[in-house]
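Numbering (my numbering), first residue to last: 37 to 770. The C-beta atom is built at its ideal place from N, Cα and C for all residues, glycine as well. Note that the structure is predicted; figures quoted are calculated from it, not measured.
(1) Would you say the segment 178 to 190 touches the segment 313 to 322, given that touching needs at least three Cβ pairs under 8 Å?
(2) Is residue 627 near residue 592, with beta carbons less than 8 Å apart?
(3) Exposed or buried, what is residue 390 when buried is set at 16 or more other beta-carbons lying within 10 Å of its beta-carbon?
(4) With 16 other CB atoms within 10 Å as the buried threshold, where does residue 32 fall?
(5) Output the distance between the C-alpha atoms of residue 498 and residue 734, rounded to the nearest integer angstrom.
(6) Using 8 Å as the threshold, is the C-beta distance between residue 369 and residue 545 below it?
(7) Do you know whose CA, among 483, 594, 644 and 330, lies nearest residue 197's CA?
(8) Between which two residues does the alpha helix (DSSP H) containing residue 408 stretch?
(9) Using DSSP's beta-bridge definition, name the partner residues of residue 577.
(10) On the DSSP letters alone, give me the boundaries of the beta strand (DSSP E) that residue 531 sits inside.
(11) Let me know the secondary structure DSSP gives residue 662 once reduced to three states.
(12) Under the rule that 16 or more other beta-carbon atoms within 10 Å means buried, what is residue 131, buried or exposed?
(13) Pick out the complete alpha helix (DSSP H) segments inside the segment 227 to 280, 4 residues or longer, and give them in chain order.
(14) Can the beta-carbon of residue 564 be found less than 8 Å from the beta-carbon of residue 521?
(15) Whose C-alpha, out of 295, 342 and 524, is nearest the C-alpha of residue 324?
(16) Out of 624, 350, 378 and 248, point me to the one whose CA is closest to residue 692's CA.
(17) Tell me the DSSP secondary structure of residue 557 in three-state form.
(18) Who are the near neighbours of residue 669 in its chain, counting only those whose CB is closer than 8 Å to its CB and skipping five residues on each side?
(19) First and last residue of the beta strand (DSSP E) that includes residue 542?
(20) May I have a chain-ordered list of the beta strand (DSSP E) segments no shorter than 3 residues that lie completely inside the segment 688 to 712?
(21) Closer than 8 Å by C-beta to residue 594: which residues in its own chain qualify, once you throw out the five before and the five after it? Chain order, please.
(22) Measuring CB atoms only, is the segment 270 to 281 touching the segment 232 to 247, in the sense that at least three cross pairs come out at less than 8 Å?
(23) Going by C-alpha to C-alpha distance, which of 596, 667, 637 and 600 sits closest to residue 657?
(24) So which of 336, 238, 171 and 532 has the shortest CA-CA distance to residue 461?
(25) Tell me whether residue 284 sits in a helix, a strand or coil according to DSSP, three-state version.
(26) Residue 266 and residue 170 - do their beta-carbons sit closer together than 8 Å?
(27) Return the chain-ordered list of same chain residues with a C-beta closer than 6 Å to the C-beta of residue 136, the five sequence neighbours on each side being excluded.
(28) Alpha carbon to alpha carbon, how far is residue 408 from residue 422?
(29) What residue does the alpha helix (DSSP H) around residue 729 start on, and which one ends it?
(30) Assuming residue 452 contacts residue 201 (C-beta within less than 8 Å), just tell me the rounded distance between them.
(31) In or out: residue 420 buried (at least 16 other Cβ within 10 Å) or exposed?
(32) Report buried or exposed for residue 279, applying the criterion of at least 16 other Cβ atoms within 10 angstroms of its Cβ.
(33) What residue range does the alpha helix (DSSP H) around residue 618 cover?
(34) If distances are taken between C-alpha atoms only, which option among 525, 513, 447 and 484 comes closest to residue 795?
(35) When the Cα of residue 424 is compared with those of 436, 351, 260 and 601, which residue comes out closest?
(36) What would DSSP say about residue 676, mapped onto helix, strand or coil?
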């Protein structure tokens, strides 16, 4: 009965499991709180004399481990269920909060790490296994590297013996019996030519040294080659994964952080494997071999050499307990520092216009100083750790030399054997020190590896359905049926949107900032998937098309044209990579761009700076239109391509757009009255709903909101002007 009462005193394991099921990420925190509560109850029972503290601690640890196992199992089940839903094509938005919650504890931990959070140390083992999986394509190289490492250890074990034999031989000791058995002529040579034997043994020692150096150098070459290839493949896979992630991810996360993960954190994988795992494995094997040989030579000295192990373990435990968090903090600071550079140079025009160069320099130096101090602190900690480890091994060596010297004086060891013992002692302490240092490096590399794995834990928002079809035959008939959309943060931006468009028609979207215009057009190329309703192209739901094939059938001309660093021909060819020079020039003529391109120093081979530096806004926009013409897609999306142009440039661009529109289904986000007048149908959006629709003349008669919009546009005012916004909101209410 007493035992039964003690079990009832605390929560049952089933109750713990039910608490853990309330949430993947929350279950871990609940487990910690439960552990604290159990310890508090244990202390209370100890004070009452009802239970033994050790037994209670074991019970608390068991409950916590059971809870962690349940959390991991539920996370795996949730990820499997989500993967199956994605394969069936039933998941409309993988970025929906419910789907994110269903990704389980591991994916949640990955997202927290991606946002600067921490992953628990319990994931370290799985992290190393995940990292080593990238070595599978290089199994032959890894096998060769293992053979070379074993050979290097074997040669290292043989190195001290030639000199030890010489020392004992010169001291008048006979040759070792095993040597004369294996190499019989050495016994004869020892009698006939002592000098010849001396030379032969020395040559053997030199050969061993040279061969060992060659094997070591070749092993290093294979190791570096394998590591570089692995990092190259990993960076390519990470780049592919990042580009596959949804638009929402890239709009809500820092570009600098993504660049840092690809450019810097990816090398943490190489450090983890090549500077961590392989040296650690080599040190363990070397330590085992050398200690076994030392044990065969003298048991007392072999056991005495292990006296340093507890001290090394305590130092290592203290060192690694603080290193991981510091490494993660430094990587976050370095990522923020890179982000500061991106922000400053990306807005250099604004910085110069406000004369804020000194201000930006101060912000950068402050962030850089914080990063520098954090990195110096880690370096100082590592240096101090090295000094402590070296001191411990030096003291251990001194102790062994004293004991070994006494054995020589007592006749239990020869001088040559003492020399071998000291060499092997260095071979034992070397791997021990290497294990200590390598474990520290492993902990540091784990910080970067966690960040890389956290990025891989993110799922693309849009995936192909198992039965997805190509969109090659799409003609461009668009039908939107009662579409609604909610962002992952819960903000609903579209409500019951319905309209249709056919080839040759132009649909204009007008409305205030935040009305949902950009979100609506983003549903066509599946940058997002509708939360409710359907978007159909040629009477087929866009989710039934392959994403890549669908986007090949849609051309987009942005308000701020994007040009890459390279030649003009390369930028135009981005619309169709296999386009010929004649097709490029034809598209440029259709976009009214050929004339200004021909006046450039090298024509179409003229190199342009990043973002089209050196070209006017109208010239950049005409290149963007030429690129869309070259793509020759049946559906065209225009994000007000003339809003920032002067009247002359606007007229030239409009002429190019009229050519581009011909025979295509066109959706345009309009901020100019000239754009609105040409539309076959105008959708007036207000707070995510269609407030009015029709042609320009019809809406002037029926919609007060549209009339006021046109009145503001006709005098050259923007719809984003605060006074305009207030006035239009009042008109919408009426």
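Put simply:
(1) Touching, per the Cβ criterion.
(2) In this structure, residue 627 keeps its C-beta atom at 8 Å or more from the C-beta atom of residue 592.
(3) So residue 390 ends up on the exposed side.
(4) No answer is possible for residue 32: it lies beyond the span of the chain, which begins at 37 and ends at 770.
(5) Each residue's Cα considered, the two are about 38 Å apart.
(6) No. Outside cutoff.
(7) Considering only alpha carbons, the answer is 330.
(8) Note, residue 408: alpha helix (DSSP H), 393 to 445.
(9) Looking at the DSSP output, residue 577 shares a beta bridge with 572.
(10) Where residue 531 is concerned, the enclosing beta strand (DSSP E) stretches over 528 to 537.
(11) Correct three-state label for residue 662: helix.
(12) A caution first: residue 131 carries a pLDDT of 40, below 50, which makes its placement in the model unreliable, though a value can still be read off. Its Cβ being crowded by 16 or more others within 10 Å, residue 131 is buried.
(13) If we require 4 residues or more, the alpha helix (DSSP H) runs fully inside the segment 227 to 280 come out as 230 to 280.
(14) It is a contact, given that the beta carbons lie within the stated cut-off.
(15) Among 295, 342 and 524, the Cα nearest to that of residue 324 is on 342.
(16) Of the candidates 624, 350, 378 and 248, the one whose C-alpha sits nearest the C-alpha of residue 692 is 624.
(17) Helix at residue 557.
(18) The answer, listed in chain order, is 588, 589, 590, 591 and 700.
(19) Taken as a continuous stretch (DSSP letters only), the beta strand (DSSP E) holding residue 542 covers 542 to 547.
(20) Counting only runs of 3 or more, we get 701 to 705.
(21) Setting aside the 5 residues that flank it on each side, residue 594 is surrounded in the same chain by 660, 675 and 677, each with a C-beta closer than 8 Å to its C-beta; the list follows chain order.
(22) In short, these stretches do not touch, since the Cβ pair count stays below three.
(23) The shortest Cα separation from residue 657 among 596, 667, 637 and 600 belongs to 596.
(24) Checked all of 336, 238, 171 and 532; the closest Cα to residue 461 is 336.
(25) In the structure shown, residue 284 sits in a helix (DSSP, three-state: H, G or I).
(26) For the 8 Å CB-CB criterion, residue 170 and residue 266 form a contact.
(27) Because the pLDDT of residue 136 is 38, which lies under 50, any placement of that residue in the model is unreliable, and the question is left without a value.
(28) So the two alpha carbons sit approximately 21 Å from each other.
(29) In the DSSP assignment, residue 729 falls outside any alpha helix (DSSP H) and within the unbroken beta strand (DSSP E) covering 725 to 730.
(30) About 7 Å; that satisfies the 8 Å criterion.
(31) With fewer than 16 other CB atoms across the displayed protein chains lying within 10 angstroms of its CB, residue 420 is exposed.
(32) Residue 279 should be labelled exposed.
(33) Note, residue 618: alpha helix (DSSP H), 617 to 626.
(34) The structure shown does not extend to residue 795, since the chain is modelled only from 37 through 770, so no value can be given for it.
(35) The residue with the shortest Cα to Cα distance from residue 424 is 351.
(36) Coil at residue 676, not helix or strand.
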